[in-house]
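Chains as they are written, first to last, in my numbering: chain A, 275 to 809; chain B, 168 to 487. Here the structure is laid out as structure tokens; the discussion comes afterwards.
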């Protein structure tokens, strides 16, 4: 990053936004002098309340860190020491800066801090390890640790990423409260919807440079730079389907469809996959059976996208594994293409496995890192493609379909960008000409711009290859953009099923209404319109 | 998890570990028994030769007397039963050579050996941890030098090191006595000689993990709270970095016990080493078998301790 300038004021929130690799996090770390051993920070001016921070030695830095500037790192699971109780981490700043006289007082203060950020049973949670807390509680504990000494500046790096929408809304509320108490808040985020709710001033970074800097109203209502406009357009939201959020044209003329005539969907009954009363239980580490999926039924019609939405732990992924028959249900059964599926033996299933594919959130872990892109895709081709030349031709064709150049054929997964990897995963999924693709959070790990491109690609492919999707996401914006019908899941049960408009415009259950209310959507109005729905 | 069930789980875990430790010892006992029975050469003949001091055929009457005395004329199953029964009652048989209970012979000598091995384990940890915490993760000359020394120590045989140490510190500098007996000062050189090799191994493993953990987000979190370098290293990083070293310690204690025997020879220390060398060269099978059994027992117990330690350091692991 280079040439970044800004100032923070008490009671105001400055947000730095940008895609991954834009230099947001490095900027925030440079402010506390922790940009890393290999980073060189040159600042013409870096002052805090009149003190020149560039002139500080190690010892003086330590007095500023934690005491004057609280820092909330990205991803609470790894930003808290996994071997120490959460309370110890929160109390650390108090202990280091000698803010408490006795261990009893320390304990009291820690519990009070946890209560301040709204963690239930604070005294119990303080003694637990980070992995024993829920994602939201961990994030709150991390914020509590940063707030311990009531610092004047609070820096939060992606504080809501990887949280469910309802929890996300709560954490944002917490940050806003801190702002109202007069903290200067520096928020780092790639999520514009989140930023639009809380920021007074926005700084857009792209490839290490500031491309736009202004008040939140100005940036969101009248963006000047094309990159800002792209970012804003890419936010998945209530936009009508058929629009292209990536702003890219359907990049190429479509080749003749890959699906051959005899496999056309008309030979299937219109329901391509159906599940009846699925129940799946897992044995927990304490030996107690836990019901992950509790009596769900659904139908997937051919050519349709069934969006499955729910918070983490709602049984979405288990449902996906049951549909794929990677796990078998304890009760109930799945029918695929009108015939038995989960009740078959694996041997009988194997021949039909190619008709149902899967795309995961993190393609990297589903690739053999030593295989080349060509090898990965070729491995999934239908077995009737025999000759070497024909296979090669098909792989190139598939790469073209997903918008990748044949030059990538010999690359290994690690040499690809996140977006390219997900495209390879898609090419691999469509290679055997499946009737159904199960997409399990396929864009959750991607930047908003890349995410928009991948979503567009999935939409285009479905139309041209006549497939059905089961599309799983925790992101309601994404679900709304892609789905024909939506199924809302909670604690292993189906809360509500309906067409997209029924669910989003006219939700029947409280839970769906709460979920929708918690979604941070882009607020393009003035600051007065921004209010917080605290769940 | 409720407190009550947590306590149950812990007891269950300990019980399970006891059963597997007992199984290890039982297998070792069975093995030593089979070795005694199936070894080439008639055991009665060996005993007679040992007693008389000459090598020759004994008369059938002499053999029968010895066979009857030691019970070699009984069926194998009965002998095996008696052997296991004896072990359960602390009876490891009689030494062919000294005509005394094997347990007494080993009990007299095992103390110094175990003390040496444990002292070496502690010393290796102290050396590895101190050098690591002070130097790891810094791109300077000291770090490179330390790494080189660790590799050197890990590859040099301890008995060679022992000889060098003995010559330099005892013979040349006269800082410590050449033959220290069982006095604490006499323990210093043997301990260092035995510990250095292990400290090299441990140091390498702890150091690479230490360097990795230093870059973790929770370490940056701690720094952002205003924690200093030493605090970060001791309070956060060391605990993580020690884990692979703890796993290694179970294996190390076995290696240290066998290493101690060589070191005892070099320093002419009292210990199991002398007994074992004498017993092996004279084919005093009950003593050798007894030593194997005791080592198996020690090994099983230390591995239990290592697992327990690991669970204390890493509370994420459940006792299952």
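For every residue, glycine included, the Cβ atom is placed at its ideal position computed from N, Cα and C.
Spatially closest choice to residue i from the options, by CA coordinates
i, options, result
"residue 586(A)", "483(A), 297(A), 439(A)", "439(A)"
"residue 285(A)", "401(A), 361(A), 300(A), 460(A)", "460(A)"
"residue 372(B)", "182(B), 358(B), 424(B), 412(B)", "412(B)"
"residue 384(B)", "641(A), 396(A), 353(A), 749(A)", "353(A)"
"residue 703(A)", "749(A), 408(A), 321(A), 630(A)", "630(A)"
"residue 567(A)", "769(A), 701(A), 318(A)", "769(A)"
"residue 814(A)", "772(A), 635(A), 341(A), 358(A)", "Outside the shown range of chain A, which is 275 to 809, sits residue 814(A), and nothing can be said about it."
"residue 201(B)", "243(B), 255(B), 177(B)", "243(B)"
"residue 403(B)", "277(B), 480(B), 271(B)", "480(B)"
"residue 765(A)", "588(A), 785(A), 662(A)", "588(A)"
"residue 247(B)", "324(B), 482(B), 194(B), 288(B)", "194(B)"
"residue 813(A)", "462(A), 329(A), 739(A), 601(A)", "Since the first and last residues shown for chain A are 275 and 809, residue 813(A) lies out of range."
"residue 381(A)", "401(A), 391(A), 393(A), 656(A)", "401(A)"
"residue 583(A)", "397(A), 763(A), 327(A), 281(A)", "763(A)"
"residue 329(B)", "362(B), 450(B), 226(B), 300(B)", "362(B)"
"residue 722(A)", "634(A), 596(A), 613(A), 510(A)", "510(A)"
Beta-carbon separation (whole angstroms), residue i vs residue j, contact threshold 8 Å
i, j, result
"residue 346(A)", "residue 290(A)", "With a Cβ gap of about 14 Å, residue 346(A) and residue 290(A) do not count as contacting."
"residue 442(B)", "residue 454(B)", "7 Å"
"residue 555(A)", "residue 604(A)", "6 Å"
"residue 404(A)", "residue 351(A)", "6 Å"
"residue 307(A)", "residue 298(A)", "About 17 Å separates the two Cβ atoms, so there is no contact after all."
"residue 729(A)", "residue 752(A)", "7 Å"
"residue 423(B)", "residue 288(B)", "6 Å"
"residue 744(A)", "residue 712(A)", "5 Å"
Separation of residue j from residue i, as counted between CA atoms
i, j, result
"residue 296(B)", "residue 406(B)", "11 Å"
"residue 264(B)", "residue 457(B)", "14 Å"
"residue 464(A)", "residue 692(A)", "15 Å"
"residue 790(A)", "residue 417(B)", "55 Å"
"residue 339(A)", "residue 392(B)", "5 Å"
"residue 525(A)", "residue 367(A)", "Because residue 525(A) carries a pLDDT of 40, less than 50, the predicted location of this residue cannot be relied on, and the following value inherits that uncertainty. Those two C-alpha atoms are separated by around 53 Å."
"residue 359(A)", "residue 293(B)", "26 Å"
"residue 389(B)", "residue 413(A)", "15 Å"
"residue 231(B)", "residue 214(B)", "12 Å"
"residue 315(B)", "residue 478(A)", "48 Å"
"residue 810(A)", "residue 774(A)", "Outside the displayed range of chain A (275 to 809) lies residue 810(A), so it cannot be described from this structure."
"residue 536(A)", "residue 434(A)", "Note that residue 536(A) has pLDDT 38, beneath the 50 cutoff, so the model's placement of it is unreliable and the number below is only indicative. Roughly 48 Å separates the two Cα atoms."
"residue 238(B)", "residue 283(B)", "38 Å"
"residue 459(B)", "residue 252(B)", "17 Å"
"residue 302(A)", "residue 705(A)", "43 Å"
"residue 189(B)", "residue 174(B)", "23 Å"
"residue 544(A)", "residue 696(A)", "29 Å"
"residue 690(A)", "residue 357(B)", "55 Å"
"residue 562(A)", "residue 451(A)", "40 Å"
"residue 600(A)", "residue 363(A)", "40 Å"
"residue 792(A)", "residue 777(A)", "15 Å"
"residue 641(A)", "residue 687(A)", "7 Å"
"residue 360(B)", "residue 378(B)", "27 Å"
Residue(s) in a DSSP beta bridge with residue i
i, result
"residue 326(A)", "321(A)"
"residue 607(A)", "550(A)"
"residue 745(A)", "581(A), 713(A)"
"residue 575(A)", "545(A)"
"residue 763(A)", "768(A)"
"residue 417(B)", "Its beta-bridge partners do not exist; DSSP assigns none."
"residue 483(A)", "480(A)"
"residue 556(A)", "564(A)"
"residue 292(A)", "Residue 292(A) is not bridged to any residue."
With 16 other Cβ atoms within 10 Å as the buried cut-off, status of residue i
i, result
"residue 234(A)", "The displayed coordinates of chain A run from 275 to 809. Any statement about residue 234(A) would go beyond what the structure contains."
"residue 400(B)", "buried"
"residue 436(B)", "buried"
"residue 275(B)", "exposed"
"residue 593(A)", "buried"
"residue 335(B)", "exposed"
"residue 471(A)", "buried"
"residue 352(B)", "exposed"
"residue 470(B)", "buried"
"residue 447(B)", "exposed"
"residue 643(A)", "exposed"
Open item on the list: Any C-beta of chain D within less than 8 Å: which residues of the region 363-396 of chain A qualify?
Closed with: Note that chain D does not occur in the displayed structure, where the protein chains are A and B.
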